[in-house]
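For the sequence shown, the working numbering assigns the number 2 to the initial residue and increments by one for each residue that follows.
Glycine included, each C-beta is placed from N, C-alpha and C at the ideal position.
A quick note: this is a predicted structure, and the numbers were derived from the prediction, not measured.
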Amino acid sequence: MAGNTSTQKIISTTTVEDCIILEIPKIKDPRGNIAVVEKDVIPFETKRVYFLYDVPSDASRGGHAHRNLRQFLVALSGSFDVILHDGEKQKKITLNKPDKGLLIKPGIWRELENFSSGSVCLVLASEVFEEEDYIRNFNDFTLFKRR
Numbered sequence: 002m003a004g005n006t007s008t009q010k011i012i013s014t015t016t017v018e019d020c021i022i023l024e025i026p027k028i029k030d031p032r033g034n035i036a037v038v039e040k041d042v043i044p045f046e047t048k049r050v051y052f053l054y055d056v057p058s059d060a061s062r063g064g065h066a067h068r069n070l071r072q073f074l075v076a077l078s079g080s081f082d083v084i085l086h087d088g089e090k091q092k093k094i095t096l097n098k099p100d101k102g103l104l105i106k107p108g109i110w111r112e113l114e115n116f117s118s119g120s121v122c123l124v125l126a127s128e129v130f131e132e133e134d135y136i137r138n139f140n141d142f143t144l145f146k147r148r
């Protein structure tokens, strides 16, 4: 898909405003709440699940963009900031509730920072790991966005 001109044009025009917070349905119970991600809660089929934990508060994660992959990030515990960049505009979103997640579309640079002690970041991804989908250099990313 990376070579598909129409797909590339759509990704080139993706902005930080296209990355939105989605509510995760919650079942309230005095014994403890349950948040459920199923059916159409997120707009893609999950093909990969991973989580970040024990991240030092002064460390940063991410530092890349994806050509095709979409992600849904949830702070299962604690909090962290997600810095989004679309090649022109930057936006910071703090995740700190397990019933809200951030949908990140393709063609958006992301960095995760300011992890609180004990924080856990769950990531649901639309594709399995493929190194070719990553853009790991910000200058390469800005060139990618200008195509």
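- For Asp141, there is no enclosing beta strand (DSSP E); the residue is found in the alpha helix (DSSP H) stretching over 139-147.
- Under a 10 Å Cβ-count criterion, Gln91 is classified as exposed, with fewer than 16 other Cβ atoms of the shown protein chains found around its own Cβ.
- A direct Cα-to-Cα measurement between Asn115 and Leu74 gives close to 15 Å.
- In the same chain as Phe45, and ignoring 5 residues on each side of it, the C-beta atoms closer than 7 Å to its own belong to Arg71, Ser127, in chain order.
- In the structure shown, the three-state DSSP call for Val121 is strand.
- Straight-line measurement puts the Cα of Lys98 at about 14 Å from the Cα of Lys29.
- Straight-line measurement puts the Cα of Lys93 at about 20 Å from the Cα of Tyr54.
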